[in-house]
């Protein structure tokens, strides 16, 4: 880089520069049960998100003294250039209702701030605006660790965990939970994510009628503010 | 703070400070369901790979569902290696399953965080 701005953090890692767009927070809010007798939450973005590809949705169920919150049946609503919202469903009436916080991230910026700082890349594209804060990385995992299996009439569910101690400001990226993964038969296995507040443990769940143990789904966590 | 940069939003809330790690895309492409390099696990199974400036310790490889899909669609699987990102069309830990992912295409993001 021959011109512009580069900001390096206390760990000698580039936090911000005028070369790359960062994942930016395009919208945020809360979700609460509003469909399917309280099992499902359907969120409408405050304004449609106009990227060609769907925004990355990060969610954080509200902390509860006990019980288990589940993020399943993730659907992102809209079409290229017009993403309008998303849905989260809990697992059943035996689990906590879908209540929590979310934000939507996109790899572009928008000129919204009336004051502050804007950065442009060498091509003149806006890549940072203080009105559209960067999402901040907190942790990621390449895969999850197998814990146990549960057999129910709906199929076999494997439970996997990653080390996570439930910080209030950390959200998990849920787009990857919206599509099934390969199993030993054609429908594959359905994915969900369970926040066990009783045991203070975070699980990924895979459910299918022929369900392998091997499971490689990245887990990506981020927060909105420092 | 002894040195560095902080940004604040219009609400006065701190956004970035001297300890922040942001996320930037160092490699991205749309992966379609063709051209897999066979790796011998079973007929049709394979991978594709691309050079990417990252490794497992400083980047994560995510596959984002794009386009239309349904409750029978299965996703590809990604692995971040040293300088290389690899995408498989099957479960590499379960070749005995002999089932291929059937998604039409997915967005691959290599997100670098340090």
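Chains as they are written, first to last, in our numbering: chain A, 34 to 259; chain B, 13 to 126.
All C-beta atoms in this analysis are idealised placements derived from N, C-alpha and C, irrespective of residue type, glycine included.
Which residue or residues does DSSP assign as beta-bridge partners of residue i?
i, result
"residue 73 of chain A", "A/68, A/122"
"residue 94 of chain A", "A/133"
"residue 133 of chain B", "Lying before the first or after the last residue shown, residue 133 of chain B is absent from chain B, which here runs from 13 to 126."
"residue 234 of chain A", "A/229"
"residue 123 of chain B", "B/37, B/72"
"residue 82 of chain A", "A/116"
"residue 254 of chain A", "A/172, A/205"
"residue 60 of chain B", "B/99"
"residue 109 of chain A", "A/119"
"residue 275 of chain A", "There is simply no residue 275 of chain A to check, as chain A begins at 34 and stops at 259 in what is shown."
"residue 42 of chain B", "B/119"
"residue 80 of chain B", "Paired residue(s): none; residue 80 of chain B is not in a bridge."
"residue 101 of chain A", "A/229"
"residue 8 of chain B", "Any question about residue 8 of chain B goes unanswered here, given that chain B covers just 13 to 126."
"residue 20 of chain B", "B/26"
"residue 92 of chain B", "B/97"
"residue 50 of chain B", "B/58"
"residue 63 of chain A", "A/134"
Looking at the secondary structure, which residues open and close the beta strand (DSSP E) in which residue i lies?
i, result
"residue 142 of chain A", "Taken as a continuous stretch (DSSP letters only), residue 142 of chain A belongs to no beta strand (DSSP E), as it is neither H nor E."
"residue 198 of chain A", "Neither: residue 198 of chain A is in no beta strand (DSSP E) and is coded neither H nor E."
"residue 39 of chain A", "39–41"
"residue 26 of chain B", "26–28"
"residue 56 of chain A", "Counting along the chain, residue 56 of chain A falls outside any beta strand (DSSP E), and DSSP gives it neither H nor E."
"residue 47 of chain A", "47–50"
"residue 160 of chain A", "159–162"
"residue 181 of chain A", "178–185"
"residue 151 of chain A", "151–153"
Taking a contact to mean a Cβ-Cβ separation below 7 Å, would you say residue i touches residue j in this structure?
i, j, result
"residue 38 of chain B", "residue 120 of chain B", "no"
"residue 87 of chain A", "residue 109 of chain A", "yes"
"residue 260 of chain A", "residue 92 of chain A", "For chain A, the structure presents residues 34 to 259; residue 260 of chain A sits outside this window and is missing."
"residue 113 of chain B", "residue 215 of chain A", "yes"
"residue 73 of chain B", "residue 122 of chain B", "yes"
"residue 50 of chain B", "residue 58 of chain B", "yes"
"residue 40 of chain B", "residue 28 of chain B", "no"
"residue 129 of chain A", "residue 142 of chain A", "no"
"residue 231 of chain A", "residue 51 of chain A", "no"
"residue 90 of chain A", "residue 54 of chain A", "no"
"residue 125 of chain B", "residue 170 of chain A", "yes"
"residue 217 of chain A", "residue 105 of chain B", "no"
"residue 155 of chain A", "residue 115 of chain A", "no"
"residue 64 of chain A", "residue 135 of chain A", "yes"
"residue 256 of chain A", "residue 201 of chain A", "no"
"residue 84 of chain B", "residue 220 of chain A", "yes"
"residue 25 of chain B", "residue 184 of chain A", "no"
"residue 48 of chain B", "residue 101 of chain B", "yes"
"residue 16 of chain B", "residue 245 of chain A", "no"
"residue 213 of chain A", "residue 223 of chain A", "yes"
Say whether chain E places a C-beta atom closer than 7 Å to the C-beta of residue i.
i, result
"residue 128 of chain A", "In summary, chain E is missing from the structure at hand, where the protein chains are A and B."
Going by the C-beta, is residue i closer than 6 Å to any heavy atom of the ligand MN?
i, result
"residue 180 of chain A", "With respect to small molecules bound, the structure shown includes none, and the ligand MN cannot be examined in it."
ask   = Would you say the region 116–124 of chain A touches the region 101–108 of chain A, given that touching needs at least three Cβ pairs under 8 Å?
value = yes
request  = Using a Cβ-Cβ cut-off of less than 7 Å, list which residues of the region 222–252 of chain A approach chain B; keep chain order.
outcome  = Along the region 222–252 of chain A, going in chain order, the ones with a CB nearer than 7 Å to a CB of chain B are 245, 247, 249, 251.
ask   = So, do the region 236–248 of chain A and the region 182–198 of chain A have three or more beta carbon pairs nearer to each other than 8 Å?
value = yes
message = Any contact between the region 79–97 of chain A and the region 63–79 of chain B? By contact I mean 3 or more CB pairs, one from each, below 8 Å.
response = yes
query = Which residues, in chain order, does the region 157–188 of chain A contribute to contact with chain B at a C-beta distance below 7 Å?
reply = 163, 164, 166, 167, 168, 169, 170, 173, 175
key: Residues of the region 98–113 of chain B whose Cβ lies closer than 8 Å to any Cβ of chain A, in chain order   = 102, 103, 104, 105, 106, 108, 109, 110, 111, 112, 113
message = For the region 82–98 of chain B against the region 62–71 of chain B, do three or more pairs of beta-carbon atoms, one drawn from each stretch, fall closer than 8 Å, so that the two count as touching?
response = Counting Cβ pairs under 8 Å, three or more are found: they touch.
ask   = Are there three or more Cβ pairs, one per stretch, closer than 8 Å when the region 161–168 of chain A is compared with the region 41–59 of chain A?
value = Segments in contact, yes.
Cβ contact (3+ pairs, closer than 8 Å) linking the region 105–124 of chain B and the region 144–153 of chain A = no
task = Could you tell me whether the region 18–35 of chain B touches the region 35–42 of chain A, using the rule of 3 or more Cβ pairs below 8 Å?
result = Yes, the region 18–35 of chain B is in contact with the region 35–42 of chain A.
The region 246–254 of chain A touching the region 171–191 of chain A, judged by at least three CB pairs closer than 8 Å = yes
key: Residues, ordered as in the chain, of the region 84–97 of chain B that lie near chain A by beta-carbon distance below 8 Å   = 84, 85, 86, 87, 89, 90, 91, 92
task = Residues of the region 96–111 of chain A with a CB closer than 7 Å to any CB of chain B: list them in chain order, please.
result = Cβ contacts with chain B: none found.
Contact list for the region 201–221 of chain A against chain B, Cβ threshold 9 Å = Result list: 206, 208, 209, 211, 212, 213, 214, 215, 216, 217, 218, 219, 220, 221.
query = If you measure beta-carbon to beta-carbon, which residues of the region 43–60 of chain A are closer than 8 Å to chain B?
reply = 43, 44, 46, 48, 49, 53, 54, 55, 56
ask   = In the region 68–88 of chain A, which residues sit with their C-beta less than 7 Å from some C-beta in chain B, listed in chain order?
value = Of all residues in the region 68–88 of chain A, only 86, 87 place a beta-carbon less than 7 Å from a beta-carbon of chain B.
key: Interface residues of the region 17–32 of chain B facing chain A [CB-CB below 9 Å]   = Listed by position, the residues of the region 17–32 of chain B near chain A (Cβ gap below 9 Å) are 17, 18, 19, 20, 21, 22, 25, 26, 27, 28, 29, 30, 31, 32.
ask   = Looking at chain A, which residues of the region 32–63 of chain B have a Cβ within less than 7 Å of any of its Cβ atoms?
value = 32, 33, 34, 35, 36, 37
Contact list for the region 143–155 of chain A against chain B, Cβ threshold 8 Å = 146, 147, 148, 149, 150
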